[in-house]
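Student: Before we start, here is the structure in question, set down as structure tokens.
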Amino acid sequence: GGFCLEAVAPAFAGSDVAMVSCDDDSTGQDWTYVEKTGRVKNGHGLCLDAVDKLKPFVRLQMYPCDSGNWSQQWMFDEETGLLKNWRGSCVEAGEANIDGGQVYMQTCDVSSGGQRWRTGASGDQPPQHFYHPGTLYCFALMLPGSYEQDLLAMQHQKRVSLFACEEYAVYSNQ
Numbered sequence: 776g777g778f779c780l781e782a783v784a785p786a787f788a789g790s791d792v793a794m795v796s797c798d799d800d801s802t803g804q805d806w807t808y809v810e811k812t813g814r815v816k817n818g819h820g821l822c823l824d825a826v827d828k829l830k831p832f833v834r835l836q837m838y839p840c841d842s843g844n845w846s847q848q849w850m851f852d853e854e855t856g857l858l859k860n861w862r863g864s865c866v867e868a869g870e871a872n873i874d875g876g877q878v879y880m881q882t883c884d885v886s887s888g889g890q891r892w893r894t895g896a897s898g899d900q901p902p903q904h905f906y907h908p909g910t911l912y913c914f915a916l917m918l919p920g921s922y923e924q925d926l927l928a929m930q931h932q933k934r935v936s937l938f939a940c941e942e943y944a945v946y947s948n949q
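Numbering (my numbering), first residue to last: 776 to 949.
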């Protein structure tokens, strides 16, 4: 039961993305989030693309993966369920419970059910309501040969830190 994100014609560039009834046999509903590259790929090797990343209500489509295309750079937050692009806009299922329902970019809002995505089999339980204490942007300055790089890498890998950063940037003179 439920509704899932689907590439309507998953093997074809320019294919629209929509909400449809979940079907474990549908190749259009097979997605992989590659955290290292920030890409969301389907089973046919095409990437989720926000064609005009600067405007709200822009529909999503599938295109060949391109490492230089910022419209294909995503960050998925497992805690909140938000899938956001590098500009800070989020993927929203505006018609989450309708076959063929629209999926588009919108200003991020953790309280919007249409923006809270979950991964896994379609039969999983719906997401819980999330506690959202506010926002915090973290950055780090590193010197070559110092301990900071190893410390930040360990914190990122283990997902532990002194602060609960929603976004981060690392600056180095190397």
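Just so you know, even glycine gets a beta-carbon here, dropped at the ideal spot from N, CA and C.
Predicted model only: the values in this text are computed from it and were never measured.
#1: Just the C-alpha distance for residue 783 and residue 875, rounded to the nearest angstrom, thanks.
#2: How many Å lie between residue 834 and residue 925 at the Cα?
#3: How about residue 836 and residue 813: do their beta carbons lie closer than 8 Å?
#4: Could you spell out where the beta strand (DSSP E) holding residue 877 opens and where it closes?
#5: For residue 888, which residues in the same chain have their Cβ closer than 6 Å to its Cβ, ignoring the five residues on either side in sequence?
#6: Could you tell me if residue 878 is buried or exposed, where buried requires 16 or more neighbouring beta carbons within 10 angstroms of its beta carbon?
#7: What residue range is occupied by the uninterrupted beta strand (DSSP E) comprising residue 893?
#8: Please work out which residues of its chain come closer than 6 Å, Cβ to Cβ, to residue 808, disregarding the five sequence neighbours upstream and downstream, and give them in chain order.
#9: For residue 811, name the three-state secondary structure that DSSP assigns.
#10: Let me know the secondary structure DSSP gives residue 953 once reduced to three states.
Tutor: Reading from the atomic positions:
#1: Translated into positions along the sequence shown, residue 783 becomes position 8. Translated into positions along the sequence shown, residue 875 becomes position 100. Their backbone Cα atoms lie some 9 Å apart in a straight line.
#2: Here residue 834 refers to the residue found at position 59 of the sequence shown. Here residue 925 refers to the residue found at position 150 of the sequence shown. Distance between the alpha carbons of residue 834 and residue 925 is about 40 Å.
#3: Walking along the sequence shown from the start, residue 836 turns up at place 61. Walking along the sequence shown from the start, residue 813 turns up at place 38. Their beta carbons are not under 8 Å apart, which means residue 836 does not touch residue 813 by this criterion.
#4: For the purposes of this step, residue 877 is taken as the residue at position 102 of the sequence shown. First-last of the beta strand (DSSP E) with residue 877: 876 to 882.
#5: Start at 1 with the first residue of the sequence shown, and residue 888 comes out as number 113. Cβ within range, chain order: n/a, list empty.
#6: Mapped onto the sequence shown, residue 878 falls at position 103. Label assigned to residue 878: buried.
#7: The residue labelled residue 893 in the question sits at position 118 within the sequence shown. From DSSP, residue 893 is part of no beta strand (DSSP E); its letter is neither H nor E.
#8: The sequence position of residue 808 within the sequence shown is 33, counting from 1. Closer than 6 Å at Cβ, skipping near neighbours: 815, 851.
#9: Looking up residue 811 in the sequence shown gives position 36. If DSSP states are grouped into helix, strand and coil, residue 811 belongs with coil.
#10: Residue 953 is absent from the structure shown; the chain starts at 776 and stops at 949.
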